[in-house]
Amino acid sequence: MILVYCKKSAQHTGRYRTEYHMLRKSALLKNFMALAASLFLCLPDSAAFAEPYGIEPLEKGYTAAQSTQLDRSLYADGSRYENPPAELETVRIGIDYGKEAVGKALFKNFSGGGFALGYYAGGRSFIELFRTEKSSVEVSFSAGGGSWHILIDGEYESRDKAEIAALAYGGFAREIDGKHRVLYGSYSSRAEAEKIRDRFRLPGTAYCSEKGRLSISSGGEIIFSAEEGETALALLPLEGEKGLTEYGGERYHGGFECALNEAGMLNVINCVELEDYVKGVIPYEMSYAWPYEALKAQAVCARTYAVYNQDKYAEMGFDLTDDTESQVYRGTKEANELSDSAVDSTAGQLVRWRGEICEVYYFASDGGATEDGINVFDADRPYLTGKPDPFEQAVDFTGENWSTRRSGENIAGRLQSRGYEIGTVCALQAEYSDTGNVIAISFTDIDGNNLRIQGRECYTTLGLSNCRFHIAQEENSFTFAGSGWGHNCGMSQWGANAMASVYGYDYEDIIRFYFTGAYIA
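All residue numbers for the sequence shown refer to numbering that gives the first Met the number 0, where the first residue is 0 and numbers rise by one.
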């Protein structure tokens with residue numbers, strides 16, 4: 000099996016093409032032998048008999064032919080359109096949720112002295128109900144029959160008066176059966192609560208709600224709790240949005256909401272200003288040591304992605320996840336002056352097409368050409384147009400060359416794990432787009448059953464790095480070899496690096512190249 004990729008600089012293209020033609024004759028013999036072997040494995044009506052397969056023609060675009068000179072006279076004039084600012088000011092990011100939801104959530108001040116406690120009205124506006132100077136607090140949920148308290152005698156006309164009374168006891172105010180009361184302490188049993196009551200001669204009775212309750216404690220002592228039936232509590236460092244809070248080993252701007260899910264666990268959500276969110280994305284999606292113009296392009300993409308995808312996970316109570324399902328976001332630890340400056344210098348700027356906010360995507364490297372959005376995300380957008388990418392080849396990029404071998408049994412297992420019905424694969428045929436990326440694959444098993452998959456599944460199902468690859472078959476296995484890392488739709492991060500570092504283009508050039516007809520506003 001011989002695979003040759005012409006992915007070097009232009010001055011070397013001729014030599015690699017010569018080597019390609021010399022090796023092609025040997026490759027054809029390999030293909031013939033592979034096809035002959037398949038006759039013993041596949042039934043006569045299988046796809047293998049339709050046409051030869053194996054090493055696909057390299058002319059499909061592994062070497063980008065497009066010039067590295069951009070014609071700015073062709074840039075769209077964004078000033079012709081209304082470009083209203085984004086209405087999204089606060090972003091809700093799922094940190095721990097679903098299967099990763101927690102039983103307790105511990106928060107610590109990294110900067111600031113204490114926390115404001117309350118809730119988020121409409122999910123985005125913090126309403127303070129109480130504050131504490133404690134620098135470490137824990138949010139938890141006690142099911143009915145859980146924590147016991149001492150219910151202090153007396154009722155109050157308002158919550159404010161109940162909170163004033165609570166200060167005298169070191170307790171907290173709570174509405175119980177429609178009346179404002181004061182609770183003291185948190186104990187594991189009635190006996191323990193009564194013991195404390197008697198020791199300190201507190202006027203009241205042991206009390207345990209039949210309903211579950213969210214509460215915030217510090218040092219084992221409850222300092223605030225939600226009303227019965229409420230399913231979320233929130234906190235904000237007393238320095239406000241610019242305070243820093245430690246959670247899960249990371250440091251975050253903004254506040255946090257802990258929302259009870261159906262399993263009785265807590266979904267932890269970071270509620271953070273849009274620009275601070277983008278600052279927490281940049282150093283995790285692109286190295287902070289990269290060219291400044293590339294960082295600015297990344298900032299515009301990250302901001303646009305957040306605005307376009309507002310409420311994407313509304314059923315779970317947030318806009319975006321903190322991982323590659325959305326954008327990798329880890330707060331402030333890895334940010335530096337350069338990455339923060341890239342965000343500040345592009346503040347509010349979005350990728351647009353004829354006034355509309357774009358559905359943007361980005362990835363590590365394309366290996367020579369990007370792909371149409373319709374073939375990757377089923378997103379038929381005029382600005383998500385696949386094109387040869389002549390820039391990446393100027394740098395050593397992630398996934399520059401990769402290859403992996405899969406047996407027919409392995410491929411069948413991977414397909415079956417996705418719910419497809421197919422046996423041991425003995426033949427397959429890839430379909431390529433105009434830019435040379437795989438957009439569909441047809442499989443045939445040893446019983447003659449056929450299956451066709453398309454889009455991102457072509458590489459994700461097979462565990463490959465991206466959609467830009469060729470296939471060669473040996474007797475009982477297939478070798479996939481290609482270039483690039485990611486889904487190939489939108490902006491190549493390594494391409495952005497090369498455009499800035501090698502060719503001197505700015506972030507506007509980068510965005511306009513990768514998003515056809517789009518502009519920044």
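Backbone N, C-alpha and C define an ideal beta-carbon position, used for all residues, glycine too. All values reported here derive from a predicted model rather than from experimental measurement.
Measuring C-alpha to C-alpha distances from histidine 179 to each of Leu87, Gly418, Ala164, Tyr168 identifies Ala164 as the nearest. Per DSSP, proline 282 is one residue of the alpha helix (DSSP H) stretching across 273-284. Three or more Cβ pairs drawn from the region 261-270 and the region 89-104 lie within less than 8 Å of each other, which places the two stretches in contact. It is roughly 40 Å from the alpha-carbon of serine 476 to the alpha-carbon of leucine 319. Per the C-alpha coordinates, the member of Ser217, Cys257, Cys270 positioned closest to glycine 242 is Cys270. Secondary structure note for tryptophan 401: its beta strand (DSSP E) is the uninterrupted segment 401-406. Note that the C-beta distance between alanine 480 and asparagine 260 is not below 7 Å.
Taking all protein chains shown into account, glycine 279 has 16 or more neighbouring C-beta atoms within 10 Å of its C-beta and is therefore buried.
For arginine 302, the enclosing alpha helix (DSSP H) has its first and last residue at 291-307.
Per the Cβ contact rule, the region 370-382 is in contact with the region 429-440 (3 or more Cβ pairs under 8 Å). In the displayed model, arginine 200 falls within coil according to three-state DSSP, outside both helix and strand.
C-alpha of alanine 296 to C-alpha of isoleucine 510: approximately 6 Å in a straight line.
Partner residues in a beta bridge of proline 83, as assigned by DSSP, do not exist. By alpha-carbon distance to lysine 133, the top candidate from Ser402, Ala334, Gly111, Arg451 is Gly111. Glycine 263 sits in coil when the DSSP states are folded into three classes, being neither helix nor strand.
Secondary-structure assignment with DSSP links alanine 429 through a beta bridge to Ile440.
From the listed residues Glu127, Ala429, Pro236, Ile151, the smallest Cα separation to serine 135 is found for Pro236. Judged by their CB atoms, leucine 150 and glycine 203 are nearer to each other than the 7 Å cut-off. In this structure tyrosine 287 is not in contact with valine 359, their Cβ atoms being roughly 21 Å apart against a cut-off of 8 Å. For valine 359, there is no enclosing beta strand (DSSP E), as DSSP gives it neither H nor E. Within the region 484-508, no run of beta strand (DSSP E) reaches 3 residues while sitting entirely inside it. Linking tryptophan 401 to serine 185 through their CA atoms gives a straight-line distance of about 58 Å. Here DSSP, grouped into helix, strand and coil, assigns arginine 173 to strand.
DSSP places isoleucine 445 in the coil class of the three-state scheme, outside both helix and strand.
In this structure, alanine 363 keeps its C-beta atom at 7 Å or more from the C-beta atom of glycine 462. Between the C-alpha atoms of tyrosine 419 and alanine 205 there is a straight-line separation of about 59 Å. The secondary-structure analysis by DSSP pairs glutamine 453 across a beta bridge with Ala439.
Residue range 158-168 is occupied by the alpha helix (DSSP H) that includes glutamate 162. Tyrosine 246 is a Cβ neighbour of phenylalanine 106, given a cutoff of 7 Å. With a cutoff of 7 Å on beta-carbon distance, methionine 498 and tyrosine 506 are scored as not near each other.
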